[in-house]
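Contents: one structure, followed by commentary.
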Amino acid sequence: MAVGSMAMVVITMSVIVRMLVFVADRLVHGVILKLSLLPSEHPVATIGSSHLLEIS
């Protein structure tokens, strides 16, 4: 029984982590899109988007 409950905990954790990663990915893409809509001479837009793209 203990092994089964541990497996359930691990599965639940992995599902939660995947959901968090998906949400974070959506948020990052939204930020990149908003920054790319700003004028290109805006320093935050150029630095922010290129920096985020390097990470991903």
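Under the working numbering, read the sequence shown as residues 16 to 71, first letter to last. Note that CB positions come from ideal geometry on N, CA and C, so glycine has one too.
Hey, how far is the Cα of residue 24 from the Cα of residue 33? Start at 1 with the first residue of the sequence shown, and residue 24 comes out as number 9. Start at 1 with the first residue of the sequence shown, and residue 33 comes out as number 18. About 14 Å.
Express the C-alpha separation of residue 31 and residue 21 in angstroms, rounding to a whole number. Stepping through the sequence shown from its first residue, residue 21 is reached at position 6. Stepping through the sequence shown from its first residue, residue 31 is reached at position 16. Roughly 15 Å between the two C-alpha positions.
Return the CA-CA distance between residue 45 and residue 17, expressed in angstroms with no decimal places. Position 30 of the sequence shown, counting from 1, holds the residue named residue 45. Position 2 of the sequence shown, counting from 1, holds the residue named residue 17. Going from the Cα of residue 45 to the Cα of residue 17 covers about 42 Å.
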